[in-house]
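Student:
In the numbering used here, the protein residues as written are 1 to 315.
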C-alpha cells in the first residue's frame, strides 16, 4: 500500500531542487500529523506540481525507473528487476540508491521472494544510516522489521522497531509514530503479549484520529488498513473470529480506497494487496464456519493473483 514515503519518493529532483522538495514533503507529513486536511491537500497539490515541473529533467536513472514501471505493468518481473538494478548502478547519490533498493524490495515482496526483499531493504537501511536521514530511515527500518515479522521472526524485528522509534523521534512526526506503534502491536501479537498489543492499537487509534479522516491521504488510509489488519490478527489470537472477520473487511475497505485514489498508481501492487487480504479474510471465515463466503474470498484472491501472473497464496 502507498504511504507518504511513496509520495516523497515519486519526486526525483536534481540536487539543487532537493531542498524545495524536502520542504514540501515536510509540510505534508506535518499536516498529516496535525490532522489538518486542508493543509494536506494543499501540500499534495504542491508535490504533484513539483513533480510535473521536474519531468523535463529526464536522467538515465529516471529512464531506468520509468522502464521498471513499464515492465511491472507488463508483468515482466525479470525486466523490472534488471531496470531497478540499473537505476541503482547509475547514480552515486546515496539517498537515491536507498530509495531504489527500497523499490526493488517492493518488487521482491510482490513476486514472493522474501529473502531477496530483506537483502534489498538491508542495503537501503545501511545507506540511510550513513546519511543520518531520520524520516526515510524510520520508514526503511519499519519495512525491514516487517520482513522479519512476515517471516515469523519477531525477535529479530524488535531491535529494528526500537531503532525506528529513535529515528522517528528526531522528526517530531505523530504519523510515523502511529505507523511504528501499530507495527509494535503486531510484534506483541506474535509473541503472545495481547494486552500490550491492545494498548498499542488504542494509542494508534487516537494518534490517527480516524473520526476526521482525509480519504485522499494515501498514507493515512494505508496506516488505517494496517491497523485493521493487526486488529484482525489480535482478535484471531483471542478466538473472536467474528470480530476478526469484521476487521479484515475494514482492512479491505482501506485497500480499495487507496487503489481508487487518482494520484496513486498501484497497478499489480494494489491487486496483490487485495488478494492477500482476501486470503486472510477467507481463513477467518472458514474458521467461523462461513464456508460459502470463505470460498468466494479464496476464489477472488486466486483470480486476482492469476491476473498478475502469480500463483495462488497458501490457504
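For each residue, glycine too, the CB sits at the ideal point set by N, CA and C. Here the structure is a predicted model, which is why all the values come from computation and not from measurement.
For my contact list, residue 107 and residue 308 are in at a C-beta cut-off of 8 Å; report their separation, rounded to the angstrom.
Tutor: Indexing the chain shown from 1 puts residue 107 at position 107. Indexing the chain shown from 1 puts residue 308 at position 308. Actually they do not touch by this definition, with Cβ atoms about 12 Å apart.
Student: Can you tell which of 218, 235, 169 and 189 has the C-alpha that lies nearest to the C-alpha of residue 154?
Tutor: Position 154 of the chain shown, counted from the start, is the residue given in the question as residue 154. The candidate whose alpha carbon is nearest that of residue 154 is 189.
Student: For residue 161, which residues of its own chain have a beta-carbon under 8 Å away from its beta-carbon, when the five flanking residues on both sides are left out?
Tutor: In the chain shown, counting from the first residue as 1, residue 161 sits at position 161. Hits under 8 Å: 141, 142, 145, 180, 183, 184 and 187.
Student: Give me the Cα-Cα distance between residue 207 and residue 163, rounded to the nearest whole angstrom.
Tutor: Locating residue 207 in the chain shown gives position 207, where the first residue counts as 1. Locating residue 163 in the chain shown gives position 163, where the first residue counts as 1. Rounded to whole angstroms, residue 207 to residue 163 spans 20 Å at the Cα level.
Student: Cβ of residue 305 within 8 Å of Cβ of residue 273?
Tutor: On the chain shown, residue 305 is found 305 positions in, with the first residue counted as 1. On the chain shown, residue 273 is found 273 positions in, with the first residue counted as 1. No, the Cβ-Cβ distance between residue 305 and residue 273 is not below 8 Å.
Student: Contact defined as beta carbons within less than 8 Å: I believe residue 147 pairs with residue 118. What is the distance between those atoms, to the nearest angstrom?
Tutor: Here residue 147 refers to the residue found at position 147 of the chain shown. Here residue 118 refers to the residue found at position 118 of the chain shown. Indeed they touch by this definition, with Cβ atoms about 4 Å apart.
Student: Could you please give the first and the last residue of the uninterrupted alpha helix (DSSP H) stretch that includes residue 272?
Tutor: Reading the chain shown from its first residue, position 272 is the one you call residue 272. 268 to 287 is the span of the alpha helix (DSSP H), which, as asked, contains residue 272.
Student: By DSSP, does residue 113 sit in helix, in strand, or in coil?
Tutor: In the chain shown, the residue the question calls residue 113 occupies position 113. In the structure shown, residue 113 sits in coil (DSSP, three-state: anything other than H, G, I, E or B).
Student: Which residues in the same chain as residue 247 place their Cβ atom closer than 7 Å to its Cβ, once the five residues preceding and following it in sequence are excluded?
Tutor: Here residue 247 refers to the residue found at position 247 when the chain shown is read from its first residue. Cβ neighbours of residue 247 beyond the five flanking positions: 228, 231, 232 and 235.
Student: For the alpha helix (DSSP H) that residue 66 lies in, which residues bound it at each end?
Tutor: Taking the chain shown and counting its residues from 1, the one referred to as residue 66 is at position 66. From DSSP, the alpha helix (DSSP H) with residue 66 extends over 60 to 73.
Student: Consult DSSP for residue 91 and reduce its assignment to one of helix, strand or coil.
Tutor: What you label residue 91 is simply residue 91 of the chain shown in a count that begins at 1. It is coil, neither helix nor strand.
Student: Suppose you measure from the CA of residue 314 to the CA of residue 282; what does that come to, to the nearest Å?
Tutor: Here the question's residue 314 lines up with position 314 in the chain shown. Here the question's residue 282 lines up with position 282 in the chain shown. So the two alpha carbons sit approximately 11 Å from each other.
Student: Judging by CA-CA distance, which residue of 122, 58, 84 and 177 is the nearest neighbour of residue 65?
Tutor: Taking the chain shown and counting its residues from 1, the one referred to as residue 65 is at position 65. Closest by alpha carbon: 84.
Student: CA-CA distance, residue 99 and residue 267?
Tutor: Position 99 of the chain shown, counted from the start, is the residue given in the question as residue 99. Position 267 of the chain shown, counted from the start, is the residue given in the question as residue 267. Cα to Cα, the separation comes out at about 19 Å.
Student: Could you tell me the distance, in whole angstroms, from the CA atom of residue 218 to the CA atom of residue 271?
Tutor: Start at 1 with the first residue of the chain shown, and residue 218 comes out as number 218. Start at 1 with the first residue of the chain shown, and residue 271 comes out as number 271. Roughly 16 Å between the two C-alpha positions.
Student: Return helix, strand or coil for residue 221, following the three-state DSSP convention.
Tutor: Position 221 of the chain shown, counted from the start, is the residue given in the question as residue 221. Three-state result, residue 221: helix.
Student: Is residue 167 near residue 138, with beta carbons less than 8 Å apart?
Tutor: Walking along the chain shown from the start, residue 167 turns up at place 167. Walking along the chain shown from the start, residue 138 turns up at place 138. Result yes, Cβ atoms of residue 167 and residue 138 sit closer than 8 Å.
Student: Is the separation between the beta-carbon of residue 127 and that of residue 94 shorter than 8 Å?
Tutor: Taking the first residue of the chain shown as position 1, residue 127 is located at position 127. Taking the first residue of the chain shown as position 1, residue 94 is located at position 94. Contact flag set, yes.
Student: Using only CA atoms, which one of 112, 284 and 287 lies nearest to residue 311?
Tutor: Translated into the one-based positions of the chain shown, residue 311 becomes position 311. Selected option, being the one with the closest Cα: 112.
Student: For residue 309, which of helix, strand or coil comes out of DSSP?
Tutor: One-based indexing of the chain shown puts residue 309 at position 309. In the structure shown, residue 309 sits in coil (DSSP, three-state: anything other than H, G, I, E or B).
Student: Buried or exposed, going by whether 16 or more other CB atoms sit within 10 Å of the CB of residue 135?
Tutor: As a working note, residue 135 is residue 135 in the chain shown. That one is buried.
Student: Assuming residue 301 and residue 285 are in contact, meaning their beta carbons sit under 8 Å apart, how far apart are those beta carbons, in whole angstroms?
Tutor: Locating residue 301 in the chain shown gives position 301, counting from the first residue. Locating residue 285 in the chain shown gives position 285, counting from the first residue. That belief does not hold up - the Cβ atoms of residue 301 and residue 285 are roughly 12 Å apart, past 8 Å.
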